[in-house]
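1 is the number of the first residue of the sequence shown in full-length UniProt numbering; add one for each residue after it. We treat Cβ as the ideally placed atom computed from N, Cα and C, and that holds for glycine. Quick caveat, the model's predicted, so the values are computed rather than measured. Accompanying notes for the structure given below.
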Amino acid sequence: MHSAWDAQLPSLVDAYLLWKHRLATAPEESQARVEHDFHVTCVGVFDSDPRFAVPQWHDELANVSLICNGLLGCTPTSPELTITFQCLELYHQLRRRQSSFGIQAYTKVLCVLHGVTYRPHFRDQFSMAFDVYLTILRAIQCCINQALCRDNPNWHLQHYCPACAFKQPGEPVLVPSSLKAMDGNNSAKWMDHAGHADHRVFPSTYMIPRADVDRFKDDVRTRAGQCGNAEHRDDGGCADTWQAASAVDEDAVKVFEQTGIFLSACRHGIILTCAEMLCSGELAKYPLATINKLISVHGNDQAIGSDIGCSLSATLAACSIAQTVRAANVQLVVNAFHGHAHNRMCQLQYHPLYLPGTGLEDFETCERVFSSSNATVALIRHVSHYHYVQYLELHFSQWDTDKYAELSCFLLNNYKQAVRLISTNTAELDAYRALHLHENLDFGSWAAEELAYLKAVESEPKQDTLRVTYVDELEKLAKLQNALQSSQDDNFLSYNQLSFTPGSGLSHVASAATKQSHAARRGAEHRVRSQQDRVKDLEEQLGIEPTDRWTPEMRKYVEMCEYSRHRQFICAVEELENLVVQRLFKLSKANLASTGYKLPVQHALERYNKLAMKQSPPRPVLQYNEVLSYATLGDFDLLKHSRHEVLARPWSNTMHRQMAVKYFKLLRAHEEINWLNVEVRQLQAWIDNETTEIKQIAAELSAQSPLLSAELWALFYRQQCVNIQHQLRLQCIYDLEGYSGVRPVIEHERGGEDEDEEAEGDEAQRLDACINVMLC
Ligand SMILES: [Zn+2]
Ligand SMILES: [Zn+2]
Numbered sequence: 001m002h003s004a005w006d007a008q009l010p011s012l013v014d015a016y017l018l019w020k021h022r023l024a025t026a027p028e029e030s031q032a033r034v035e036h037d038f039h040v041t042c043v044g045v046f047d048s049d050p051r052f053a054v055p056q057w058h059d060e061l062a063n064v065s066l067i068c069n070g071l072l073g074c075t076p077t078s079p080e081l082t083i084t085f086q087c088l089e090l091y092h093q094l095r096r097r098q099s100s101f102g103i104q105a106y107t108k109v110l111c112v113l114h115g116v117t118y119r120p121h122f123r124d125q126f127s128m129a130f131d132v133y134l135t136i137l138r139a140i141q142c143c144i145n146q147a148l149c150r151d152n153p154n155w156h157l158q159h160y161c162p163a164c165a166f167k168q169p170g171e172p173v174l175v176p177s178s179l180k181a182m183d184g185n186n187s188a189k190w191m192d193h194a195g196h197a198d199h200r201v202f203p204s205t206y207m208i209p210r211a212d213v214d215r216f217k218d219d220v221r222t223r224a225g226q227c228g229n230a231e232h233r234d235d236g237g238c239a240d241t242w243q244a245a246s247a248v249d250e251d252a253v254k255v256f257e258q259t260g261i262f263l264s265a266c267r268h269g270i271i272l273t274c275a276e277m278l279c280s281g282e283l284a285k286y287p288l289a290t291i292n293k294l295i296s297v298h299g300n301d302q303a304i305g306s307d308i309g310c311s312l313s314a315t316l317a318a319c320s321i322a323q324t325v326r327a328a329n330v331q332l333v334v335n336a337f338h339g340h341a342h343n344r345m346c347q348l349q350y351h352p353l354y355l356p357g358t359g360l361e362d363f364e365t366c367e368r369v370f371s372s373s374n375a376t377v378a379l380i381r382h383v384s385h386y387h388y389v390q391y392l393e394l395h396f397s398q399w400d401t402d403k404y405a406e407l408s409c410f411l412l413n414n415y416k417q418a419v420r421l422i423s424t425n426t427a428e429l430d431a432y433r434a435l436h437l438h439e440n441l442d443f444g445s446w447a448a449e450e451l452a453y454l455k456a457v458e459s460e461p462k463q464d465t466l467r468v469t470y471v472d473e474l475e476k477l478a479k480l481q482n483a484l485q486s487s488q489d490d491n492f493l494s495y496n497q498l499s500f501t502p503g504s505g506l507s508h509v510a511s512a513a514t515k516q517s518h519a520a521r522r523g524a525e526h527r528v529r530s531q532q533d534r535v536k537d538l539e540e541q542l543g544i545e546p547t548d549r550w551t552p553e554m555r556k557y558v559e560m561c562e563y564s565r566h567r568q569f570i571c572a573v574e575e576l577e578n579l580v581v582q583r584l585f586k587l588s589k590a591n592l593a594s595t596g597y598k599l600p601v602q603h604a605l606e607r608y609n610k611l612a613m614k615q616s617p618p619r620p621v622l623q624y625n626e627v628l629s630y631a632t633l634g635d636f637d638l639l640k641h642s643r644h645e646v647l648a649r650p651w652s653n654t655m656h657r658q659m660a661v662k663y664f665k666l667l668r669a670h671e672e673i674n675w676l677n678v679e680v681r682q683l684q685a686w687i688d689n690e691t692t693e694i695k696q697i698a699a700e701l702s703a704q705s706p707l708l709s710a711e712l713w714a715l716f717y718r719q720q721c722v723n724i725q726h727q728l729r730l731q732c733i734y735d736l737e738g739y740s741g742v743r744p745v746i747e748h749e750r751g752g753e754d755e756d757e758e759a760e761g762d763e764a765q766r767l768d769a770c771i772n773v774m775l776c
């Protein structure tokens, strides 16, 4: 059936274009040919006709005859049920904008409008016609792409977003060179073997081929989401905290062939790549394949956000393309919101607030894409793989169209935000500096100092853990040695088996007791020996010579006993931190005040406060409200390490820390302006260029292929509508107080008079649009 449609496709495309642009005429030698009518059921939006007569020319495909009448058959040969293009296009547009609106719902609506009882096969028939309709549209898109020289398979990825990719001569070089985000999502699942009879392969714009992903299956040592390097994992939490809070339902994985999708997108939201995640578990191969693809197309200095950016950096450094990644200077970033759940050391290295060049970008784009693409979930689970990709593609292509239309809005809003931030934060920082005239408020170097400090203490806990264990084992050894000593004092041990000869006067009871005592001593000796081995083993790990064995009189021994008590306190801090982070996570997901966390947080807080007072020096006693803000500032790490006299450093002062955040925000806001100046210029150049180009090619093709030319004109008018809006908003940016970028020079075309008139026409159209917008 599918191959029968494929064979007809070229004729269907031609017939459709003829019908659409009302260029359909009877074939020239029509008079010589036999004409006859055949009858079909014709389904429109509001009415249906059970006996619609379709004239068919000699040798003409039935579906071509139908298309000439604005209809498409549900089967390739001898069609009986046909659907109007209006009806198909209406569903096409509905589906693009409301991905959860399925064919079944649509056909039921049609049945109600036509007064017909719904039958399940209506859905299948509509689905078949809809597939063919979309195939025709794609074939036309291919021709358009060819005419505009956009038919290179990587064209979309190279020119995905005019604000990101339409580089202009002489523009400042920014490092990083682009800001992107990537993430996986488990919602877009697909059932194993669903629709297995459908072997068609959907030609996708976004998908990274499975083979390109599987290249990296052996690279992966740990699951993505767990920190790749042991050091990172040991310091408690980071990515793991999020992972635990958003744990994947493991049972679900077995049922679905595909467990979701892995996307990358630019900061304006335009989707770059998509990879299907399979149930094979090597989750890190998707980010690796994505990064590999992005490097190969976009080159050096990219910054890519991921909620596991920190652990992924370690995976990248050890993977098969490590060298390429290093040479390309890829900077991984942890998304701004997710970053709050990572530990402080990670934030200072990977949070966009502290990364030069990232502007005010939050790298959360994928979260936004997923919150919209989740609408497709219910409909794509049980369809064939072809439809799975087709529906995702429909959703994404509409998403991209919308994001293109919002580009200038994005730039305008970000510009306003950055200008506002610069003025308020500059004023606040100046005022704060004036208040602390005698302090050296060097916020920038504090962050570096804090990072260096955290790195230094990071290795300590591991050593400390070992030392605590060592002291514990030494205590055990002392106890065992005491036990052995006391068993040797046992009277019965002075006897042995030979003592019990008849006439020695020793009883059977004594004999048994002696045996027992010997066994007990052997046991005690054995325990001492194995405990000694354990101690020796630890001494080897700690680099302590057996001759220098620690004794309870030594200062370090006493310190470790104290530290062991301090560990209880650290555990209390960690428990509190976990609960607060979980609460934060729930808030982000549900956007609700989650009361369920209040009680556990309060209990943990009580435990913490009790222990805090017992510490020397005593640690700050915290209030409930205070604790909730701690997670966002990374202050829990300070509490944990406060035994290192860290509270005396300027950067541990809470007020200073809040001002430091404002300071870094200010730096990023200045960079945001640099970004926007480049992006504004690129978008301006693109819209100036695009419509002119389409118009020119449409004019060139008018004689040679009028149908394609008509399609290009249609595209021209569509794009012009959007680009006029862009032009208006760009003008708002140029008029902003604080705009520091290039303003376009209004060029008067020096061509023939016709062109001048046309330019004026465009100008008039812009003015009209301007007035319309102002009136709205
Ligand atoms: Zn972009
Ligand atoms: Zn991290």
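| Item | Value |
| --- | --- |
| With Thr290 as the anchor, note down where its alpha helix (DSSP H) starts and where it stops. | Lys285 to His298 |
| Roughly how many angstroms separate the alpha carbons of Lys665 and Asn425, rounded to a whole number? | 8 Å |
| May I ask which residues mark the beginning and end of the alpha helix (DSSP H) holding Gly309? | Gly309 to Ala318 |
| Here's the rule I'm using: 16 or more other beta-carbon atoms within 10 Å means buried, otherwise exposed. How should Leu12 be labelled? | buried |
| Considering only DSSP beta bridges, list what Ser48 is partnered with. | Val43 |
| Assuming His385 contacts Gly195 (C-beta within less than 8 Å), just tell me the rounded distance between them. | 7 Å |
| Let me make sure I understand the geometry here. Which of Val722, Leu148 and Lys662 has the alpha-carbon closest to that of Leu360? | Lys662 |
| Would DSSP call Cys68 helix, strand or coil? | helix |
| Taking all protein chains shown into account, do 16 or more other C-beta atoms lie within 10 angstroms of the C-beta of Asp124, making it buried, or fewer, making it exposed? | exposed |
| For a quick check, are the C-beta atoms of Val333 and Gly305 less than 7 Å apart? | yes |
| Just the C-alpha distance for Ile771 and Leu94, rounded to the nearest angstrom, thanks. | With a pLDDT of only 44 at Ile771, under the threshold of 50, the placement of this residue in the model should not be trusted; the figure read from the coordinates follows. The alpha-carbon atoms of Ile771 and Leu94 are separated by roughly 30 Å. |
| Between the C-alpha atoms of Gln725 and Phe410, what's the straight-line distance to the nearest angstrom? | 13 Å |
| With a cut-off of 6 Å, give the chain-ordered residues whose Cβ is closer than this to any heavy atom of ligand 1. | Cys161, Ala163, Cys164, Cys266, Arg267, His268 and Ile270 |
| Taking 8 Å as the threshold, find out whether the stretch 704-711 comes into contact with the stretch 387-394 through three or more Cβ pairs. | no |
| Assuming Ile380 and Thr290 are in contact, meaning their beta carbons sit under 8 Å apart, how far apart are those beta carbons, in whole angstroms? | In fact, because the Cβ distance is near 21 Å, the residues do not count as touching under 8 Å. |
| Taking C-alpha atoms, which residue in Leu137, Ala483 and Asp402 lies nearest to Gln719? | Asp402 |
| Excluding the five sequence neighbours on either side, which residues of its own chain have a C-beta within less than 6 Å of the C-beta of Val678, listed in chain order? | Glu171 |
| Go ahead and label Ser48 buried or exposed: buried means 16 or more other beta carbons lie within 10 angstroms of its beta carbon, across all protein chains shown. | buried |
| Go through its chain and collect everything with a Cβ distance to Pro546's Cβ below 7 Å, but skip five positions before and after it. | Lys536 and Glu539 |
| How about Thr376 and His395: do their beta carbons lie closer than 7 Å? | yes |
| Are Cys266 and Cys164 close, meaning C-beta to C-beta below 7 Å? | yes |
| Is there at least one non-hydrogen atom of ligand 2 closer than 6 Å to the beta-carbon of Cys310? | yes |
| Taking 6 Å as the cut-off, is the beta-carbon of His342 closer than that to any non-hydrogen atom of ligand 2? | yes |
| Quick one: does the C-beta of Cys346 sit closer than 6 Å to a heavy atom of ligand 2? | yes |
| Can you tell me whether Gly444 is helix, strand or coil according to DSSP? | helix |
| Taking the beta carbon of Tyr624 as the centre, do at least 16 other beta carbons fall within 10 Å, making it buried, or is it exposed? | exposed |
| Could you tell me whether the Cβ atoms of Met560 and Val471 are closer together than 7 Å? | yes |
| Would you mind sorting Tyr717 into buried or exposed? The rule is 16 or more other CB atoms within 10 Å of its CB. | exposed |
| Given a threshold of 16 other Cβ atoms within 10 Å of its Cβ, counted over all protein chains shown, does Ser264 qualify as buried or as exposed? | buried |
| Look at the Cβ atom of Gln329, then the Cβ atom of Asn300, and state whether they are nearer than 7 Å. | A small fix is needed here, since residue 329 is Asn in this sequence, not Gln. Cβ distance < 7 Å, so Asn329 and Asn300 count as in contact. |
| What residue range is occupied by the uninterrupted alpha helix (DSSP H) comprising residue 809? | It is not possible to answer for residue 809, since the shown part of the chain is limited to 1 through 776. |
| Below 8 Å on the Cβ atoms is my guess for Leu451 versus Gln349; work out the distance and round it to an integer in Å. | 7 Å |
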